[in-house]
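The listed protein sequences correspond, in order, to chains A and B. Under our numbering, the first residue of the first sequence carries the number 138, and numbering increases by one thereafter. Under our numbering, the first residue of the second sequence carries the number 2, and numbering increases by one thereafter. Ideal Cβ positions, reconstructed from N, Cα and C, are used throughout, including at glycine.
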Amino acid sequence: MKTVSLFIPCLVDLFLPDIGEATVTLLRKLGIDTIYHDGQTCCGQPAFHAGRRLETVQLAKRFVEIFETDEAIVCPSGTCVLMVKKHYPDLFADQPEWLERAKNLADRVYELSQFIVDVLGIEDVGASFEGKVAYHESCQLSRGLGVVEQPKKLIQATAGAELVPLQNASVCCGFGGHFSFNYPEISEALVKEKADHFMSSEADVLVLSEPGCYLNINGYLSRHHPGSKVMHIANFLTGSG
Amino acid sequence: MEIKTEQFVETAKRELKNPNSRIFLNLLPVVLSSLRELAMETFPDPDAAQEMGGIIRGEALARLPELLETFEKNASAAGAKIYWAKDSQAANEYILNLVLENQAGYITKGKSMVTEEMGLNELMIKNGIEVWETDLGEFIAQLLARPPFHIVGPAVNVPVDQIRDVFMEKIGLDKPTTDPVELGYAARRFLRDKFHEMKIGVTGVNFAVAETGTIINVENEGNIRFNKSSPKIQVSVMTIEKVIPDMKDAMHLLRLLCRNCTGQHIGSYVTMDTGPKKEDEIDGPEELHIIILDNGRSQIFQDTQTREVLRCIRCGGCLNICPVYGMIGGYPYGWAYSGPMGQLLAPLLLGLNRCHDHIWACTSCQACKVNCPAGIDHPGLLLYLRNKEVEGDSSLKAVPPAWTESLSYKVFSRIASNPMLWRLTSKLMRPVINRGAKDGKLKKGPGPLADWLKGRDFPEMPEKTFHERWSELKRS
Chain A
138 MKTVSLFIPC
148 LVDLFLPDIG
158 EATVTLLRKL
168 GIDTIYHDGQ
178 TCCGQPAFHA
188 GRRLETVQLA
198 KRFVEIFETD
208 EAIVCPSGTC
218 VLMVKKHYPD
228 LFADQPEWLE
238 RAKNLADRVY
248 ELSQFIVDVL
258 GIEDVGASFE
268 GKVAYHESCQ
278 LSRGLGVVEQ
288 PKKLIQATAG
298 AELVPLQNAS
308 VCCGFGGHFS
318 FNYPEISEAL
328 VKEKADHFMS
338 SEADVLVLSE
348 PGCYLNINGY
358 LSRHHPGSKV
368 MHIANFLTGS
378 G
Chain B
2 MEIKTEQFVE
12 TAKRELKNPN
22 SRIFLNLLPV
32 VLSSLRELAM
42 ETFPDPDAAQ
52 EMGGIIRGEA
62 LARLPELLET
72 FEKNASAAGA
82 KIYWAKDSQA
92 ANEYILNLVL
102 ENQAGYITKG
112 KSMVTEEMGL
122 NELMIKNGIE
132 VWETDLGEFI
142 AQLLARPPFH
152 IVGPAVNVPV
162 DQIRDVFMEK
172 IGLDKPTTDP
182 VELGYAARRF
192 LRDKFHEMKI
202 GVTGVNFAVA
212 ETGTIINVEN
222 EGNIRFNKSS
232 PKIQVSVMTI
242 EKVIPDMKDA
252 MHLLRLLCRN
262 CTGQHIGSYV
272 TMDTGPKKED
282 EIDGPEELHI
292 IILDNGRSQI
302 FQDTQTREVL
312 RCIRCGGCLN
322 ICPVYGMIGG
332 YPYGWAYSGP
342 MGQLLAPLLL
352 GLNRCHDHIW
362 ACTSCQACKV
372 NCPAGIDHPG
382 LLLYLRNKEV
392 EGDSSLKAVP
402 PAWTESLSYK
412 VFSRIASNPM
422 LWRLTSKLMR
432 PVINRGAKDG
442 KLKKGPGPLA
452 DWLKGRDFPE
462 MPEKTFHERW
472 SELKRS
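In structure tokens form, the structure reads like this:
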């Protein structure tokens, strides 16, 4: 597989483009070419989680039309991949033709670390980082897609990096998209706990594989623990950001 | 109990700052989840055992009407009196009549969330009948006039000095002690008197076995056993979904229930009753009344999606693992059922109009789903209910959101359907969002961002979107 199609989450497109760039850099380093369909916008996840099925179906159909001829689609977010892989088939349950197309597409969508470790069979991407690394297990990635070990393997294979335990690593950071806007106090209490566990892990960096968690945890640390470092795994593995 | 589901947000804000609740809640992810894990590991294949729970519950629901008939037939044959209660009122009145006919004066109860749902205690008290909760936690909650904090541990958050004070005030604790054993003895002395004179004991039901007509309860204190064995009249209240096919299923579900609930292999007391006392038996109730309560569940059953909620076996495992419950505890949910299972049950039983926050206060982290021994996909069902609310589904008493909100999603999907418009909007948004940004961070912002930004920074919108950077990237 020499070329993959980039599935860039809207959050990355608009607010965190460095994660998208690092994804391209990393894949190229591994000998993978990337194409980018510039008609892509949003997969519909925010609308879906807000109960807006009609609006989501509209965006899901667009997504399928844009991506369905690609051999492999890679995305630096577990949430967005889960949306396409799991929720699209649910959305099209009563539209057999679209259901077929969505299912067909679902098998070819991968989260970045999943693609590198499971499809390419690579753990050592030639990255280096001097210091201790804690890894936050994002909900949709770990419980939704079952991707837990892949990012850890990539970190462990990084020269100079020591993966250290993070207490309650698999507990939600409290983002949950609109949850963090609708219930900011509860959300903040959760991210505070995540930040506290990171601080007591004494790691030099908190690595994660989900732009939403990045936004939340980094936002909290930036306010309360300036100088502490959070990195998306694509940035961590390319030494950028 | 008074229903306060509409006060979710204000109660949650208050509870976030409640140090007494925090002591217990902080233990949940550490202690209880490791106890649960250790207990689950005693199964040769924990995952298979968990999956089997879901399969049993799925089968029981698929066969529900038939199993209920079989249960009624077999329980009646064993001498139990079956009463089908359409709603809480019917069930409450049935119990009230029993009390009046038998001049019982008071009833004792085993902890049961279903009688909380029915508001049984309020009705009894209104009619001058005393009610005594006999589960220690529920007893404390009753004395303090508080709702249950947790479906399994109703007063687990109450500090011991408060228990001391209320025991001194209300049940005659004669010396001020915070020794748990002494306090336990005080409650025991008080409740033993109640058991001694009792005529009617009311309990819930964990499982009703169709094959044998047996009702099963599991507990740790022996109070349910007292309620079932010592009164003249035993009243067991079950909801329709409690029925399961046979004893083999019951044994497996019991093992799962206890492991997921308290991390025990089995509760200290498991009681199985098939009919009242037989002629050759020395103890047990003379009459066994089994109330089978519907209270809206037939309607929940009709929709194959919401039917999934009826799988729940009330282990409380989802409360123990839920990050939101872990922050706010049980009070904000405002009723008998809290945490993820309560977030599904309460809106379905009370109406979406009274439980708006129940369906939205979820991060979709899926911890509950992964841990559920009954195979419930709580986050998925919450999304289903959100959609019902958005559509204004009248059968679920949904109040649709403001038209402005609906419009904003329509506009969003229109913009996201047109790449040109998407790019243009992002360009126009940038100066609005970035107004007031400092060092690449937003500290204050408009609309929905304002509260978020009280405790967190948000990145400013960068100069160029990924899309704009791509033209350079693809050439490099």
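With its beta carbon less than 7 Å from one in chain B, glutamate 322 of chain A belongs to the interface.
Spatial neighbours of lysine 240 of chain A in its own chain (CB-CB distance under 6 Å, excluding positions within 5 residues in sequence) are listed in chain order as Pro226.
Around the CB of methionine 421 of chain B, fewer than 16 other CB atoms lie within 10 Å, so the residue is classed as exposed. Cβ neighbours of asparagine 103 of chain B within its own chain (closer than 6 Å, five residues either side excluded): Lys200. Between arginine 424 of chain B and the set A:Val221, A:Asn319, A:Cys179 and A:Leu257, the nearest pair of CA atoms involves A:Cys179.
In the DSSP assignment, glutamate 469 of chain B falls within the unbroken alpha helix (DSSP H) covering 467-474. Using a CB distance cut-off of 7 Å, aspartate 150 of chain A counts as an interface residue toward chain B.
Contacts between serine 414 of chain B and chain A, judged by CB atoms closer than 7 Å, involve Ala184, Glu192, Gln195 and Leu196 in chain order.
Taking 3 residues as the minimum length, the beta strand (DSSP E) runs contained wholly in the stretch 259-311 of chain B are 270-274 and 288-294, in order along the chain. A straight-line Cα-Cα distance of about 8 Å links leucine 137 of chain B and glycine 185 of chain B.
Counting only Cβ-Cβ distances below 7 Å, alanine 326 of chain A has contacts in chain B at Leu17 and Met328, in chain order. Cβ atoms of isoleucine 293 of chain B and leucine 69 of chain B come within 8 Å of each other, at about 7 Å. Closest in C-alpha terms to glutamate 242 of chain B, from the list B:Asn228, B:Arg312 and B:Lys370, comes B:Arg312. The residues Thr171, in chain order, have a CB closer than 6 Å to that of valine 161 of chain A in the same chain once the five nearest residues on each side in sequence are set aside. Annotation for phenylalanine 266 of chain A: the continuous beta strand (DSSP E) segment containing it runs 265-272.
DSSP lists A:Glu248 as the beta-bridge partner residues of cysteine 212 of chain A.
In the DSSP annotation of this structure, the continuous segment of the alpha helix (DSSP H) that includes glycine 54 of chain B starts and ends at 47-63. DSSP places isoleucine 354 of chain A in the uninterrupted alpha helix (DSSP H) bounded by 348-361. One finds Phe467 in chain B with Cβ atoms closer than 7 Å to the Cβ of glycine 157 of chain A, taken in chain order.
The beta carbon of asparagine 372 of chain A sits no closer than 7 Å to any beta carbon of chain B. Contacts with chain B at 7 Å (Cβ-Cβ) do not include valine 218 of chain A. Contact between the stretch 307-321 of chain A and the stretch 403-423 of chain B is not established, with fewer than three Cβ pairs separated by less than 8 Å. Using a CB distance cut-off of 7 Å, glutamine 51 of chain B does not count as an interface residue toward chain A. Cβ-Cβ distances below 6 Å link valine 271 of chain B to Val219 in the same chain, with the five nearest sequence neighbours on each side left out; the list follows chain order. The beta carbon of cysteine 262 of chain B lies closer than 6 Å to those of Val153, Cys316 and Gly317 in the same chain, with the five residues before and after it left out. Going by beta carbons, glutamine 277 of chain A and leucine 191 of chain A fall outside the 7 Å limit.
For the pair aspartate 150 of chain A and valine 325 of chain B, the Cα-to-Cα distance works out to about 30 Å. Residues of the stretch 60-86 of chain B with a C-beta atom less than 8 Å from some C-beta of chain A do not occur. In terms of CA proximity to glycine 381 of chain B, A:Leu228 leads the group A:Asn353, A:Leu228 and A:Leu343. Between the C-alpha atoms of arginine 260 of chain B and arginine 23 of chain B there is a straight-line separation of about 24 Å.
By the Cβ neighbour-count rule, arginine 193 of chain B is exposed, with fewer than 16 other Cβ atoms within 10 Å of its own. Assignment of threonine 179 of chain B by DSSP, reduced to helix, strand and coil, places it in the coil class. For aspartate 458 of chain B, same chain residues with a beta-carbon under 7 Å away, outside a window of 5 residues either side, are Lys442, Leu443 and Lys444 in chain order. Within chain B, Ser418 have C-beta atoms less than 7 Å from the C-beta of arginine 199 of chain A, given in sequence order.
When DSSP states are grouped into helix, strand and coil, glutamine 235 of chain B belongs to the strand group.
Here asparagine 319 of chain A carries a helix assignment [DSSP, helix/strand/coil].
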